[in-house]
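Enquirer:
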Amino acid sequence: MPKMMKISQDWQDNWLALVQSQAEIYTPLGVQVTLAKELHCMGSGSSRNIRNEIVGLSFELGPEVQAQQHIYAPSGQIRPGDDLVSKLSKLNELHKAGAISGKEYEVAKAKILTG
8 MPKMMKISQD WQDNWLALVQ SQAEIYTPLG VQVTLAKELH CMGSGSSRNI RNEIVGLSFE
68 LGPEVQAQQH IYAPSGQIRP GDDLVSKLSK LNELHKAGAI SGKEYEVAKA KILTG
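Note that my numbering has the sequence shown beginning at 8, numbered continuously upward.
The following block contains the structure:
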């Protein structure tokens with residue numbers, strides 16, 4: 008049984024390492040990275056077994072990004088003094104990195120282009 012416990016611990020450590028590596032990338036962009044979990048139920052009646060299992064990563068915009076609806080970027084990413092090409096380039100980088108959705112990208116791009 009200790010071997011199974013070691014495997015389980017290694018598995019959890021690998022997930023945590025992945026969360027930490029992704030958080031280093033996305034936290035500066037205002038995106039919170041956590042483990043995504045699901046409840047799994049096996050069996051029925053008194054022999055039912057319910058477990059909370061890790062199924063992947065969850066990415067959510069932090070409150071500071073949600074408050075900046077006019078830009079969809081963390082503070083300091085797109086500044087009012089930046090030229091149009093620079094603003095669009097930074098916005099495109101956020102979109103390619105997955106920090107903003109396609110819809111958010113289009114809305115922000117339209118706002119940049121209209122002034």
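Each residue gets a CB set at the ideal place from its N, CA and C atoms; glycine is no exception. Here the structure is a predicted model, which means the values were calculated and not measured.
1) Between the C-alpha atoms of Ser65 and Ser108, what's the straight-line distance to the nearest angstrom?
2) For Thr121, does the three-state DSSP call read helix, strand or coil?
3) Is it right to say Ala74 is buried, meaning 16 or more other beta carbons lie within 10 angstroms of its own, or is it exposed?
4) Can you tell me where the alpha helix (DSSP H) with Ala30 in it begins and where it stops?
5) Would you give the residue range spanned by the beta strand (DSSP E) that Pro36 belongs to?
6) Quickly, what does DSSP pair Gly7 with across the bridge? List them, please.
7) So which of Lys103, Leu98, His102, Ala104 has the shortest CA-CA distance to Leu120?
8) For Ala125, collect the residues of the same chain with a Cβ closer than 7 Å to its Cβ; drop the 5 residues on either side in sequence, then sort them by chain order.
9) Take the Cβ of Leu46 as the centre, count every other Cβ of all protein chains shown within 10 Å, and call the residue buried at 16 or more, exposed below.
Expert: The short version:
1) Here residue 65 is taken as the residue at index 58 of the sequence shown, counted from 1. Here residue 108 is taken as the residue at index 101 of the sequence shown, counted from 1. Rounded to the nearest angstrom, the two C-alpha atoms are 14 Å apart.
2) Looking up residue 121 in the sequence shown gives position 114. Note: Thr121 maps to coil in three-state DSSP.
3) Against the sequence shown, residue 74 aligns to sequence position 67. With a pLDDT of only 49 at Ala74, under 50, the local geometry of the prediction cannot be trusted, and the value read off the model is given with reservation. Exposed, because fewer than 16 other Cβ atoms sit within 10 Å of the Cβ of Ala74.
4) Working through the sequence shown from its first residue, we reach residue 30 at position 23. Element bounds for Ala30: 9 to 33.
5) Taking the sequence shown and counting its residues from 1, the one referred to as residue 36 is at position 29. Just to set this straight, residue 36 is Leu in the shown sequence, not Pro. Counting along the chain, Leu36 falls outside any beta strand (DSSP E), and DSSP gives it neither H nor E.
6) The question about residue 7 has no answer, for the chain in this structure spans 8 to 122.
7) By 1-based counting over the sequence shown, the position of residue 120 is 113. Closest option to Leu120, Cα to Cα, is Leu98.
8) With the chain covering only 8 through 122, there is no way to say anything about residue 125.
9) The residue labelled residue 46 in the question sits at position 39 within the sequence shown. That one is exposed.
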